[in-house]
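The structure appears right after this line, and notes come after that.
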Ligand code: WTA
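Residue numbers (UniProt numbering): 1 to 652.
So, in structure tokens, the structure goes:
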């Protein structure tokens with residue numbers, strides 16, 4: 001169990017408040033009562049394939065399936081033999097069905113510029129960009145990396161790839177050129193779609209400059225398409241780089257959606273695991289469509305006149321599933337915002353809610369804690385009476401933040417859905433259905449229909465209610481990852497071998513007497529820093545690559561605002577001396593190797609690192625030290641810890 005969550009655990013163990021769904025909300029909700037949820041849950045548990053097939057029938061298929069699921073653990077195929085296209089389900093299905101002039105996206109740039117794209121307009125843009133890709137020679141099965149900020153052209157690019165069957169891989173705009181190289185190389189991408197720059201807190205994030213630097217080491221990339229956003233001066237490499245607007249001006253309007261096998265890979269999204277190498281999580285067409293569609297509709301209770309705003313960046317899975325694929329499949333109107341929450345002032349999010357009349361708002365605990373710190377005066381400046389439902393995602397939410405969210409943002413009127421899921425699960429797994437399930441601050445409540453979750457021991461035995469254990473999923477579900485790109489063994493080993501026969505989430509959890517799940521946080525070496533998933537090993541590898549660093553160990557420590565902060569212990573090569581300047585140099589180095597979100601919050605120089613006899617770094621000791629250890633000055637001697645480590649080892 002990560003120590004970062006201990007304070008949270010203390011407070012949630014004492015938590016006994018419960019909030020029933022407001023009667024008026026339930027009356028209009030898709031699922032209206034606990035009884036209705038329980039009936040549906042049982043029905044889905046008894047016949048998962050029948051249940052998911054009913055959901056799938058609400059979507060468009062070029063060709064029906066012959067079998068709902070083929071399960072050769074851990075290898076799943078959903079909707080076997082069927083053909084579908086996500087872009088068709090997001091666009092054509094609506095436009096041809098008459099939902100033409102409804103806003104698909106209401107986008108606001110950080111400087112305040114606003115663009116609205118109706119379903120018909122988005123459909124046209126996507127078809128044109130799909131033709132751009134085809135004109136460049138990009139074909140079905142090719143991988144296309146997308147490195148953009150939050151502009152409407154990002155979902156246009158994703159949907160255009162989906163339309164022709166190219167597999168997209170969105171790389172978060174905060175990643176550095178070096179991180180781009182790793183991700184582009186791993187998937188052998190043939191093209192990169194990017195933009196000159198993106199606005200963030202009034203500054204330009206220079207995306208094209210990073211792409212130029214990365215591509216010196218990426219020979220597979222033949223084409224770069226550049227969307228002009230900031231109009232700053234950039235280099236365009238003859239023959240390789242093309243302006244988005246030039247290609248779009250020449251592209252034809254019409255591009256039919258390609259019928260794709262249900263198991264055709266839709267996208268690869270890199271996430272951090274327990275080794276230094278990021279994992280390319282692969283999601284496919286049919287199952288992902290069904291999972292994101294169902295959860296968006298049910299968890300956010302979306303109706304025709306809702307305006308949904310998920311504040312995530314599309315570079316992470318939350319944006320993929322709940323800005324792009326889920327909301328568009330349900331035919332919703334989605335708000336998309338380019339910039340920072342504190343630009344030009346601390347009330348920017350609330351100004352957006354008021355201006356665009358957002359009804360359902362979905363954000364992360366780290367953001368909520370930040371808003372709490374800034375104070376209620378900022379939301380109170382705005383009329384947010386259109387809000388009817390609030391959501392949380394990405395990390396455990398402490399009850400205090402939950403209550404603040406409920407009181408100050410929701411005015412005690414809006415239910416809160418605390419949604420637990422992962423890049424790997426593709427869609428929400430454990431969450432209240434807001435019209436049906438009473439909420440408890442800090443609990444993600446119950447698994448959704450079709451999801452069989454359990455808290456177990458290492459041996460896979462269910463722990464008694466109220467006890468902590470490992471969170472596992474016992475049956476396959478449609479939006480589950482299919483593999484790790486290029487590394488099926490790692491998929492099998494990492495997720496399906498630790499605890500026999502079930503999917504191991506990497507999270508610790510507890511189930512209470514009411515069957516509510518309380519997620520405690522990661523039990524592996526994955527960090528969750530401000531909702532960003534980072535690998536301790538990846539940061540260690542970055543540090544060790546610095547010429548002055550001999551060894552490095554990275555652990556998480558609790559942080560009131562970020563959830564977890566990054567603590568690094570570093571031993572230096574002989575001849576190098578610890579200094580505050582070197583600390584800064586190493587922080588900047590990590591930002592360059594990975595991205596600024598991975599910068600260690602603190603760096604401690606030490607003569608040795610505590611290790612087991614087999615040479616494994618004893619992270620638990622370091623975590624204790626990082627959390628409250630009595631450490632002074634620039635150098636720490638960990639010899640005492642080494643001794644403790646040895647003693648502990650002898651005990652076993
Ligand atoms: C954590 C983000 C508690 C968890 C969608 C998980 C949460 C990891 C919650 C996945 C939640 C996500 N309560 N913890 N509601 N949601 N997590 O892949 O540790 O970026 O394993 O997916 O975030 O992070 P990822």
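Yeah, the Cβ is synthetic: ideal placement off N, Cα and C, and Gly gets one too. Predicted, not measured: the structure shown is a model, and the values here were computed from it.
Is the Cβ-Cβ distance between residue i and residue j less than 8 Å?
| i | j | result |
| --- | --- | --- |
| residue 404 | residue 382 | no |
| residue 562 | residue 366 | yes |
| residue 59 | residue 149 | no |
| residue 335 | residue 346 | no |
| residue 462 | residue 516 | no |
| residue 501 | residue 73 | yes |
| residue 79 | residue 65 | yes |
| residue 108 | residue 424 | no |
| residue 459 | residue 37 | no |
| residue 332 | residue 84 | no |
| residue 565 | residue 575 | no |
| residue 71 | residue 476 | yes |
| residue 176 | residue 591 | yes |
| residue 554 | residue 536 | yes |
| residue 211 | residue 147 | yes |
Starting from residue i and walking both ways along the alpha helix (DSSP H), at which residues does that stretch end?
| i | result |
| --- | --- |
| residue 558 | Where residue 558 is concerned, there is no enclosing alpha helix (DSSP H), although the beta strand (DSSP E) it sits in stretches over 549 to 559. |
| residue 187 | 177 to 187 |
| residue 473 | It is not in any alpha helix (DSSP H) - residue 473 instead sits in the beta strand (DSSP E) that spans 468 to 473. |
| residue 477 | Residue 477 -> no alpha helix (DSSP H), and no H or E assigned at all. |
| residue 349 | 348 to 356 |
| residue 609 | Where residue 609 is concerned, there is no enclosing alpha helix (DSSP H), given that its DSSP letter is neither H nor E. |
| residue 95 | 93 to 96 |
| residue 497 | Looking at the DSSP string, residue 497 is not in any alpha helix (DSSP H), and its letter there is neither H nor E. |
| residue 536 | 536 to 544 |
Measuring straight from C-alpha to C-alpha, what distance separates residue i and residue j?
| i | j | result |
| --- | --- | --- |
| residue 552 | residue 522 | 21 Å |
| residue 242 | residue 152 | 18 Å |
| residue 20 | residue 401 | 19 Å |
| residue 32 | residue 260 | 36 Å |
| residue 178 | residue 558 | 28 Å |
| residue 204 | residue 43 | 52 Å |
| residue 377 | residue 414 | 19 Å |
| residue 18 | residue 416 | 12 Å |
| residue 631 | residue 407 | Any answer about residue 631 is weak, because its pLDDT of 41 lies below 50 and its placement is not dependable; what the coordinates show is given next. The straight-line gap from Cα to Cα measures roughly 40 Å. |
| residue 490 | residue 482 | 12 Å |
| residue 643 | residue 394 | Per-residue confidence for residue 643 stands at a pLDDT of 44, beneath the threshold of 50, marking its modelled position as unreliable; the derived number appears in the next sentence. Residue 643 and residue 394: Cα-Cα distance of roughly 38 Å. |
| residue 290 | residue 603 | 45 Å |
| residue 16 | residue 518 | 12 Å |
| residue 594 | residue 486 | 21 Å |
| residue 120 | residue 330 | 15 Å |
| residue 238 | residue 221 | 14 Å |
Shortest alpha-carbon distance to residue i belongs to which of the options?
| i | options | result |
| --- | --- | --- |
| residue 192 | 170, 71, 412 | 170 |
| residue 127 | 610, 88, 232 | 88 |
| residue 154 | 470, 295, 543, 195 | 195 |
| residue 165 | 22, 133, 430, 175 | 133 |
| residue 441 | 464, 83, 251, 390 | 390 |
| residue 505 | 495, 511, 513, 512 | 495 |
| residue 286 | 422, 81, 188 | 81 |
| residue 265 | 105, 507, 479 | 479 |
| residue 168 | 318, 303, 190, 576 | 190 |
| residue 249 | 38, 227, 235 | 227 |
| residue 216 | 234, 185, 225, 198 | 185 |
| residue 63 | 224, 258, 173, 236 | 258 |
| residue 225 | 622, 163, 188, 136 | 136 |
| residue 124 | 360, 115, 256, 438 | 256 |
| residue 388 | 15, 28, 16 | 28 |
| residue 560 | 119, 41, 627 | 627 |
| residue 567 | 525, 509, 301 | 525 |
| residue 232 | 199, 611, 508, 239 | 199 |
| residue 202 | 474, 550, 429, 342 | 342 |
Within the continuous beta strand (DSSP E) that includes residue i, where are the two ends?
| i | result |
| --- | --- |
| residue 520 | 517 to 522 |
| residue 210 | Segment 207 to 215 is the alpha helix (DSSP H) holding residue 210; no beta strand (DSSP E) there. |
| residue 227 | 223 to 227 |
| residue 19 | Counting along the chain, residue 19 falls outside any beta strand (DSSP E), and DSSP gives it neither H nor E. |
Original post:
Whole alpha helix (DSSP H) runs in the region 114 to 156 with 4 or more residues, listed along the chain?
Top reply: 119 to 135
Subject >> Length at least 4, wholly inside the region 236 to 297: the alpha helix (DSSP H) runs in chain order >> reply: 244 to 250
Original post:
In chain order, which beta strand (DSSP E) runs of at least 3 residues are fully inside the UniProt domain "Acetyl-coenzyme A synthetase N-terminal" (37 to 90)?
Top reply: 67 to 72, 75 to 80
**OP:** At 4 residues or longer, and completely inside the region 362 to 400: list those alpha helix (DSSP H) runs for me, N to C.
**Re:** 365 to 374, 377 to 380
Original post:
Which ranges would you report for the beta strand (DSSP E) in the region 397 to 473 if only whole runs of at least 3 residues count?
Top reply: Segments of the beta strand (DSSP E) lying fully in the region 397 to 473: 416 to 419, 453 to 456, 468 to 473.
Subject >> Start-end ranges of the alpha helix (DSSP H) lying completely within the region 307 to 346, minimum 4 residues >> reply: 326 to 330
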